[in-house]
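**Q** The structure is given below, and queries will be raised subsequently.
Numbering (this note's numbering), first residue to last: 548 to 726.
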């Protein structure tokens, strides 16, 4: 079957929704119909770096983003999107790894899923904000569940974004925190 996607940020929203509901769209769809053309998802990101960079103008290659999520699909999509936008991306799949990478890599911002294994995102955020050197790193918490923004802020997060989220909205929030 074909899926009509009108804008690039719809791609991420659709795939994140599919991941959350455990529906594998990529195995069920031969391609995506993007702007009326049949284009494979992976090739969209790899062949349209300039287009995506225009959407996210203003980001600098010096800006490192630590992406922490236990879902491979979410990490992969965010890596493609953020790299295309000019960010350097560091990945972690659990809380323990996130704390280690934050210390080693010194990112400028952290995208942190709440529901990660080993140490959950709320506790990771608390530990980051309690650390003298890392407490000023902005943290955007991500969730597909019903956590309130208040819970995230209490843990020290600078923002909370719900999955599936819009790439343009994510880009705006990243830019705002990196100013």
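Yeah, the Cβ is synthetic: ideal placement off N, Cα and C, and Gly gets one too.
Name the two residues that bound the continuous alpha helix (DSSP H) containing residue 704.
**A** Residue 704 -> no alpha helix (DSSP H), and no H or E assigned at all.
**Q** Please report the Cβ distance between residue 730 and residue 687, rounded to the nearest whole angstrom; I am assuming they are in contact, meaning their Cβ atoms lie under 8 Å.
**A** Outside the modelled stretch of the chain, which goes from 548 to 726, sits residue 730, for which no answer is possible.
**Q** With a threshold of 8 Å, are at least 3 pairs of Cβ atoms found where one atom belongs to the stretch 624-635 and the other to the stretch 675-684?
**A** These segments do not touch.
**Q** So is residue 697 buried or exposed if we call it buried at 16+ other beta carbons inside 10 Å?
**A** With fewer than 16 Cβ atoms within 10 Å of its Cβ, residue 697 is classed as exposed.
**Q** Can you say whether residue 719 is buried or exposed, counting buried as having 16 or more other CB atoms within 10 angstroms of its CB?
**A** When all chains shown are included, residue 719 counts as exposed.
**Q** Please confirm whether residue 647 and residue 614 have their CB atoms less than 9 Å apart.
**A** In this structure, residue 614 does not lie closer than 9 Å to residue 647 by Cβ.
**Q** Around the C-beta of residue 650, are 16 or more other C-beta atoms found within 10 angstroms, so that it is buried, or is it exposed?
**A** Classification of residue 650: exposed, given that the 10 Å Cβ count is below 16.
**Q** Bridge partners of residue 690, per DSSP?
**A** Partner(s): 709.
**Q** With a threshold of 16 other CB atoms inside 10 Å of the CB of residue 631, please say whether the residue is buried or exposed.
**A** Per the 10 Å Cβ criterion, buried.
**Q** Return the bridge partner residues of residue 639 from the DSSP annotation.
**A** In DSSP, residue 639 forms a bridge with 615.
**Q** Could you tell me the boundaries of the alpha helix (DSSP H) in which residue 715 lies?
**A** Residues 714-725.
**Q** Go ahead and label residue 723 buried or exposed: buried means 16 or more other beta carbons lie within 10 angstroms of its beta carbon, across all protein chains shown.
**A** With fewer than 16 Cβ atoms within 10 Å of its Cβ, residue 723 is classed as exposed.
**Q** Which of helix, strand or coil does DSSP assign to residue 665?
**A** In the structure shown, residue 665 sits in coil (DSSP, three-state: anything other than H, G, I, E or B).
**Q** The beta strand (DSSP E) that contains residue 657, what's its start and end?
**A** Counting along the chain, the beta strand (DSSP E) containing residue 657 begins and ends at 656-660.
**Q** Under 9 Å, do residue 663 and residue 699 count as touching if we go by C-beta distance?
**A** No; because the gap between Cβ atoms is not below 9 Å, this pair is not in contact.
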